[in-house]
Amino acid sequence: MNYLPDAANFGAQIFTEVKVSYIEKQEDSWLIHFVPLGLDREKFSKDELFIRAKTVILSAGSLGSTEILLRSKEKGLNVSDSVGVRFSGNGDMLGFSYNGNTTINGIGFGSKKTNTEVGPCITGVIDTRKGASLNEGMIIEEGSIPGAIRGQLPEIFAIASKLTGVKTKKGFFQWVIEKIRIFLSFILGSYRGAVKNTQTYLVMAHDGNDGKMFLQNDRLRISWPNVGKKPIFEKISTILKEATVPLQGTYIKNPVWNRLTDQDLISVHPLGGCPMGDDASTSAVNENCQVYSGKSGKETYNGLYIMDGSVIPRSLGVNPLLTICAISERACEKLISQKGLTINYNLPSYPKHTNVPDEKTLGIEFTECMKGFFPLNPKKTQKEVIKSVRTKALP
Numbered sequence: 130m131n132y133l134p135d136a137a138n139f140g141a142q143i144f145t146e147v148k149v150s151y152i153e154k155q156e157d158s159w160l161i162h163f164v165p166l167g168l169d170r171e172k173f174s175k176d177e178l179f180i181r182a183k184t185v186i187l188s189a190g191s192l193g194s195t196e197i198l199l200r201s202k203e204k205g206l207n208v209s210d211s212v213g214v215r216f217s218g219n220g221d222m223l224g225f226s227y228n229g230n231t232t233i234n235g236i237g238f239g240s241k242k243t244n245t246e247v248g249p250c251i252t253g254v255i256d257t258r259k260g261a262s263l264n265e266g267m268i269i270e271e272g273s274i275p276g277a278i279r280g281q282l283p284e285i286f287a288i289a290s291k292l293t294g295v296k297t298k299k300g301f302f303q304w305v306i307e308k309i310r311i312f313l314s315f316i317l318g319s320y321r322g323a324v325k326n327t328q329t330y331l332v333m334a335h336d337g338n339d340g341k342m343f344l345q346n347d348r349l350r351i352s353w354p355n356v357g358k359k360p361i362f363e364k365i366s367t368i369l370k371e372a373t374v375p376l377q378g379t380y381i382k383n384p385v386w387n388r389l390t391d392q393d394l395i396s397v398h399p400l401g402g403c404p405m406g407d408d409a410s411t412s413a414v415n416e417n418c419q420v421y422s423g424k425s426g427k428e429t430y431n432g433l434y435i436m437d438g439s440v441i442p443r444s445l446g447v448n449p450l451l452t453i454c455a456i457s458e459r460a461c462e463k464l465i466s467q468k469g470l471t472i473n474y475n476l477p478s479y480p481k482h483t484n485v486p487d488e489k490t491l492g493i494e495f496t497e498c499m500k501g502f503f504p505l506n507p508k509k510t511q512k513e514v515i516k517s518v519r520t521k522a523l524p
């Protein structure tokens, strides 16, 4: 699963539906500014809450941690100029073998039980890294499609096959069989016919790390011109077409990877943004995931860490989970060792306390925003106060 249940068993308090805005350095602690979600408090941008902590570990992912640190930088936190750079999509790419002659059963059934089990996602892998240079290697995994969108799949695949599809087997008899399977999917749904015989490809490769993230109107933005036009993605597409030949299907490229969308890509493995490195001139954190406290040098903040995919300084070309876990667990060991503590690895762990909800008490909470002027000097008129404010000569 993840570390949260184990942390809760050892006394950690976990709060959800909270958006962290930025962090602020105090003399011997940190302020974490946040806004509770779902209460419309986010409409009052100046009305943020905060908590104080001696140690802060950001683990909001490549996008989240970078956004928090960029906003903290705008608020005055002195961090490296490398925050926001070396972003990578881990070379992620999507493709399909549609309407082949092999039964796949690759559509999740959810609550709609079928006669055939879909099975777990990603149990088969094609590894092309052996013998290839680092940046040319790739991993191709088989995927499955959530059953929640099964109703739209027959139309989507049929249209995509006409627009970008490449047939790997031709002939009149093959044409007839394909048309029958397409008809079955339209009439009987995604668990029959063409969609039933559709294989999903999930690819990870190396796309470089030259993407950049920045704040615009207080929202995170990514700038990565022409990333989809890099040669590696044409190579991936060629190999996926070759993988479709044994299935005798129609190869369909990533639906958003086309000229109309300027070769856009979708990544489920964003990496970088707070890259790890030797010093602050080129990186945001050191080898222990400690945040550098300046634009150069090796000095770090006491009690500020980033432990997630944002510290990975380049694409990995494979699922990044284990790499992120290894780096984060090592950083935790270093942190705990510095504090003179130990880790209890005994399993299973059990809750040391039982959370009993307090009795419900009716209460009212409101926020108001007032606008206007008030005299700092009661003897002055409103016009005099306005004039003094405009000239920055407050009484």
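Note that the numbering used here has the sequence shown beginning at 130, numbered continuously upward.
Quick reminder that beta carbons are idealized off the backbone N, C-alpha and C, glycines included.
Nothing here was measured: the structure is a model prediction, and the numbers come from that model.
1) Measuring straight from C-alpha to C-alpha, what distance separates T379 and L464?
2) Relative to the C-alpha of G322, which residue among R279, A455 and L192 is closest?
3) Given that a residue counts as buried once 16 or more other Cβ atoms are within 10 Å of its Cβ, and exposed if not, what is P442?
4) Is the beta carbon of G235 less than 8 Å from the beta carbon of I274?
5) Classify C152 as buried or exposed, calling it buried when 16 or more other Cβ atoms lie within 10 Å of its own Cβ.
6) Under DSSP, the beta strand (DSSP E) around F343 begins and ends at which residues?
7) By the three-class DSSP mapping on this structure, what secondary structure does D135 have?
8) Any idea which residues DSSP pairs V147 with across the strands?
9) When you compare only the Cα positions, how much space is there between V414 and L166?
10) K148 and V164 look like a contact to me (Cβ under 8 Å); what is the Cβ gap, rounded to whole Å?
11) What residues match up with G272 in a beta bridge as DSSP calls it?
12) Classify T390 as helix, strand or coil using the three-state DSSP reduction.
13) My output table needs one value for G362: the three-state DSSP class, helix, strand or coil.
14) Rounded to a whole number of angstroms, what is the C-alpha to C-alpha distance between N552 and N473?
15) Taking all protein chains shown into account, decide if M342 is buried (16 or more other Cβ within 10 angstroms of its Cβ) or exposed.
16) What residue range does the beta strand (DSSP E) around T379 cover?
17) What is the DSSP secondary structure of Q303, reduced to helix, strand or coil?
18) Ignoring anything shorter than 4 residues or poking outside the stretch 440-474, list the alpha helix (DSSP H) runs there in chain order.
19) How is the beta strand (DSSP E) around I186 delimited, first residue to last?
20) Evaluate W386 with the Cβ neighbour count: other Cβ atoms within 10 Å of its Cβ, from every protein chain shown; 16 or more gives buried, anything less gives exposed.
21) Quick one, are the C-beta atoms of D408 and S422 less than 8 Å apart?
22) According to DSSP, what are the bridge partners of Y430?
23) Excluding five sequence neighbours on each side, which residues of the same chain lie with their C-beta closer than 7 Å to the C-beta of Y132?
24) Let's see if you can read the secondary structure: which residues bound the alpha helix (DSSP H) around F286?
25) Cα-Cα, which of P384, I456 and R310 is closest to T232?
26) Taking the alpha carbon of T329 as the point to measure from, which residue in G318, G213 and V254 has its own alpha carbon closest?
27) Specify the secondary structure class of V247 as computed by DSSP and reduced to three states.
28) How about P399 and L199: are their beta carbons less than 8 Å apart?
29) What are the residues that DSSP puts in a beta bridge with K296?
30) Would you please state the rounded distance, in angstroms, between the beta carbons of L160 and F179? I believe it to be under 8 Å.
31) If distances are taken between C-alpha atoms only, which option among I197, Q142, G140 and K370 comes closest to I435?
32) Where does A522 land, buried or exposed, given buried means 16+ other C-beta within 10 angstroms?
33) Excluding the 5 residues preceding and the 5 following V324 in the sequence, name in chain order all residues of the same chain whose CB lies nearer than 7 Å to its CB.
34) Confirm, please, whether the CB-CB distance from D157 to V332 is below 8 Å.
35) Are the CB atoms of M267 and A372 nearer to each other than 8 Å?
36) From S226 to V247, what distance separates their C-alpha atoms?
Based on what the coordinates show:
1) Stepping through the sequence shown from its first residue, residue 379 is reached at position 250. Stepping through the sequence shown from its first residue, residue 464 is reached at position 335. If you draw a straight line from the Cα of T379 to the Cα of L464, it is about 52 Å long.
2) Start at 1 with the first residue of the sequence shown, and residue 322 comes out as number 193. Distances from the alpha-carbon of G322 to those of R279, A455 and L192 put R279 closest.
3) Along the sequence shown, read from residue 1 onward, the residue named residue 442 stands at position 313. The residue in question, P442, is buried, as its Cβ has 16 or more Cβ neighbours within 10 Å.
4) Within the sequence shown, numbered from 1, the residue matching residue 235 stands at position 106. Within the sequence shown, numbered from 1, the residue matching residue 274 stands at position 145. Cβ distance < 8 Å, so G235 and I274 count as in contact.
5) As a first step, residue 152 is located in the sequence shown; it is residue number 23 there, counting from the start. Per the sequence shown, the amino acid found at residue 152 is Ile instead of Cys. That one is buried.
6) Looking up residue 343 in the sequence shown gives position 214. Here the beta strand (DSSP E) through F343 covers K341 to Q345.
7) Here residue 135 corresponds to residue number 6 of the sequence shown, with the count starting at 1. For D135, the secondary structure class from DSSP, reduced to helix, strand or coil, is helix.
8) Position 18 of the sequence shown holds residue 147. In the DSSP assignment, the residues bridged to V147 are P165.
9) If you number the sequence shown from 1, residue 414 lands on position 285. If you number the sequence shown from 1, residue 166 lands on position 37. The straight-line gap from Cα to Cα measures roughly 30 Å.
10) Along the sequence shown, read from residue 1 onward, the residue named residue 148 stands at position 19. Along the sequence shown, read from residue 1 onward, the residue named residue 164 stands at position 35. At roughly 5 Å, the Cβ-Cβ gap stays under 8 Å, so K148 and V164 are in contact.
11) Translated into the one-based positions of the sequence shown, residue 272 becomes position 143. Bridge partners of G272: T329.
12) Within the sequence shown, residue 390 is the residue found at index 261, counting from 1. In the three-state reduction of the DSSP assignment, T390 falls in the coil class, being assigned neither a helical nor a strand state.
13) Counted from its first residue, the sequence shown places residue 362 at position 233. One detail in the question is off: residue 362 reads as Phe in this sequence, not Gly. Three-state result, F362: helix.
14) What is shown of the chain runs 130 to 524, which leaves residue 552 out entirely.
15) Here residue 342 is taken as the residue at index 213 of the sequence shown, counted from 1. Buried is the call here.
16) By one-based count along the sequence shown, residue 379 stands at place 250. In this chain, the beta strand (DSSP E) harbouring T379 covers T379 to I381.
17) In the sequence shown, counting from the first residue as 1, residue 303 sits at position 174. Q303: helix per DSSP, three-state reduction.
18) 450-467, all fully within the stretch 440-474.
19) Position 57 of the sequence shown holds residue 186. Looking at the DSSP string, the run of the beta strand (DSSP E) that includes I186 is V185 to L187.
20) Within the sequence shown, numbered from 1, the residue matching residue 386 stands at position 257. With 16 or more other Cβ atoms within 10 Å, it is buried.
21) As a position in the sequence shown, residue 408 is number 279, starting the count at 1. As a position in the sequence shown, residue 422 is number 293, starting the count at 1. The beta carbons of D408 and S422 sit no closer together than 8 Å.
22) Your numbering for residue 430 matches position 301 in the sequence shown. Residue pairing by DSSP leaves Y430 without any beta bridge partner.
23) Residue numbering aside, residue 132 sits at position 3 when the sequence shown is read from its first letter. No residues qualify anywhere along the chain.
24) Here the question's residue 286 lines up with position 157 in the sequence shown. Under the DSSP assignment, F286 falls in the alpha helix (DSSP H) whose first and last residues are L282 to T293.
25) Residue 232 sits at position 103 when you count from the first residue of the sequence shown. R310 is the residue among P384, I456 and R310 whose C-alpha sits nearest the C-alpha of T232.
26) For the purposes of this step, residue 329 is taken as the residue at position 200 of the sequence shown. The shortest C-alpha separation from T329 is found at V254.
27) Here residue 247 is taken as the residue at index 118 of the sequence shown, counted from 1. Here V247 sits in coil by DSSP.
28) In the sequence shown, counting from the first residue as 1, residue 399 sits at position 270. In the sequence shown, counting from the first residue as 1, residue 199 sits at position 70. No. Outside cutoff.
29) Here residue 296 is taken as the residue at index 167 of the sequence shown, counted from 1. The partner list for K296 (beta bridge, DSSP) reads T379.
30) The sequence position of residue 160 within the sequence shown is 31, counting from 1. The sequence position of residue 179 within the sequence shown is 50, counting from 1. Rounded, the Cβ-Cβ distance is 5 Å, consistent with contact.
31) Translated into positions along the sequence shown, residue 435 becomes position 306. Measuring from the Cα of I435, the nearest candidate turns out to be I197.
32) Here residue 522 is taken as the residue at index 393 of the sequence shown, counted from 1. The predicted model places A522 with a pLDDT of 44, which falls under 50 and marks its position as unreliable; any figure quoted below should be read in that light. A522 should be labelled exposed.
33) Taking the sequence shown and counting its residues from 1, one reaches residue 324 at position 195. In its chain, beyond the 5 residues on either side, I236, L282, P283, F286 and S314 have a beta carbon closer than 7 Å to the beta carbon of V324.
34) For this step, residue 332 is matched to residue 203 along the sequence shown. For this step, residue 157 is matched to residue 28 along the sequence shown. Result no, Cβ atoms of V332 and D157 do not sit closer than 8 Å.
35) By one-based count along the sequence shown, residue 267 stands at place 138. By one-based count along the sequence shown, residue 372 stands at place 243. For M267 and A372, no; Cβs fall outside 8 Å.
36) Position 97 of the sequence shown, counted from the first residue, corresponds to residue 226. Position 118 of the sequence shown, counted from the first residue, corresponds to residue 247. Looking at the two C-alpha atoms, the distance is approximately 17 Å.
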